[in-house]
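Worksheet for the structure shown next.
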Amino acid sequence: MPVLNIQFGGQTKSADGSVVDIPPAFALAQRGPCVQVLLGVAQPIARQLLQQGKTLPQPVSGLALIDTGASTTCIDEDAAMKLGLPVTNVVTVASASHSAAQGNVYPAQIEVIGLPIAINALNSIGAPLAAQGLIALLGRDVLQHCTVFFNGPAGSISFAL
Amino acid sequence: MLEEEVRYFEEHLKDLLARSRGNFALVKGSRLVGTFDTQEEALEAGARAFGLESFLVRRVEEAPVAAYVPALTLGLLRAGS
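Chains A and B, in that order, are what the protein sequence lines are. Start counting the first sequence at 1; every next residue gets the next number (our numbering). Start counting the second sequence at 1; every next residue gets the next number (our numbering).
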């Protein structure tokens with residue numbers, strides 16, 4: 001099983017203008033466990049489009065946050081529209097403390113860059129994620145196929161599919 | 001989105017449950033295109049017939065399963081901004 005190791009970190013400017021390194025543990029805690037992904041058309045749809053001689057939309061790349069709290073994967077609604085993904089269902093997004101909302105469902109394919117396998121996320125819910133610098137939240141419907149190791153002290157994650 | 005398809009599905013759910021419980025219904029407009037054993041088959045049939053137009057693919061069951069995404073519903077993604 002191929003494993004993708006991601007070391008978090010970065011640089012910022014201090015008050016006096018000098019560049020300082022961000023400790024990896026702090027970077028991971030602030031950003032959250034993210035992986036770079038390509039968002040595309042799910043295989044069952046793509047197969048049919050190709051058989052009909054149509055061109056597939058170019059995948060859209062961006063950051064996906066690994067979200068073990070989410071039962072279902074979400075994708076950025078604008079990215080879904082850019083890809084031309086069809087809406088194939090409408091679901092209730094439930095909450096214990098807030099009123100439930102409706103979300104459009106898109107059949108997407110998610111490829112984690114650095115791993116040779118793509119996952120069909122056939123029930124991806126459209127949500128406004130771009131403002132947070134994200135293209136997707138990887139929920140448990142996708143994570144059930146993955147192994148994730150969150151190393152907080154080292155500021156790294158390992159992701160296997 | 002898909003108001004007409006969802007309305008059709010809900011109005012015909014009793015019949016669908018009797019004939020195709022656990023399968024996936026493909027609905028376009030006010031028409032049942034077919035029922036399929038798997039979601040993949042239903043999506044393929046939908047794409048074959050309608051390309052990238054929207055269509056409804058829903059599992060035939062009493063009540064659809066809700067999704068839980070606390071980061072969205074509790075506004076946690078915006079907590080730091």
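For every residue, glycine included, the Cβ atom is placed at its ideal position computed from N, Cα and C.
What three-state label does DSSP hand Ala154(A) in the structure shown?
On the first sequence, position 154 is the one that residue 154(A) refers to. The answer is coil: DSSP assigns Ala154(A) none of H, G, I, E or B.
For Val87(A), which three-state DSSP category applies?
In the first sequence, the residue the question calls residue 87(A) occupies position 87. In this structure, Val87(A) counts as coil in the three-state DSSP scheme.
Name, in chain order, the residues that DSSP records as bridge partners for Val19(A).
The residue given as residue 19(A) occupies position 19 in the first sequence. Per DSSP, Lys13(A).
Expected contact under 8 Å - CB spacing of Pro24(A) and Gly133(A) to nearest Å
On the first sequence, residue 24(A) is found 24 positions in, with the first residue counted as 1. On the first sequence, residue 133(A) is found 133 positions in, with the first residue counted as 1. Between Gly133(A) and Pro24(A) the Cβ distance is about 19 Å, and since that is not below 8 Å, they are no contact.
Please state whether DSSP places Thr73(B) in a helix, a strand or coil.
The count along the second sequence starts at 1 and reaches residue 73(B) at position 73. Correct three-state label for Thr73(B): helix.
Beta-carbon within less than 6 Å of Ser124(A)'s beta-carbon, same chain only, minus the 5 sequence neighbours each way: which residues are those?
Locating residue 124(A) in the first sequence gives position 124, counting from the first residue. Hits under 6 Å: Thr73, Ile75, Tyr106, Ala108.
Using a Cβ-Cβ cutoff of less than 6 Å, which residues in the same chain neighbour Leu129(A) once the five nearest sequence positions on both sides are dropped?
Walking along the first sequence from the start, residue 129(A) turns up at place 129. Taken in chain order, the residues that qualify are Asp76.
Boundaries (first-last residue) of the alpha helix (DSSP H) holding Gln52(A):
Position 52 of the first sequence, counted from the first residue, corresponds to residue 52(A). Looking at the DSSP string, Gln52(A) is not in any alpha helix (DSSP H), and its letter there is neither H nor E.
Mind checking Pro86(A): buried by the 16 CB within 10 Å criterion, or exposed?
What you label residue 86(A) is simply residue 86 of the first sequence in a count that begins at 1. Looking at its Cβ environment, which holds 16 or more other Cβ atoms inside 10 Å, Pro86(A) is buried.
Verify whether the separation of the beta carbon atoms of Ser99(A) and Ala67(B) is less than 8 Å.
The sequence position of residue 99(A) within the first sequence is 99, counting from 1. The sequence position of residue 67(B) within the second sequence is 67, counting from 1. No, the pair does not count as a contact, with Cβ atoms beyond the cut-off.
If the cut is a Cβ gap below 7 Å, which residues of chain B does Gln48(A) touch?
Indexing the first sequence from 1 puts residue 48(A) at position 48. Residues of chain B passing the Cβ test: Glu44, Ala47, Arg48.
Regarding Asp78(A) and the ligand GTP, is the C-beta to nearest heavy atom distance less than 7 Å?
Looking for the ligand GTP in the displayed structure turns up nothing, as the structure carries no ligands at all.
Across the stretch 7–15 of chain A and the stretch 53–63 of chain A, are there enough close Cβ pairs to call them in contact, namely three or more that are closer than 8 Å?
no
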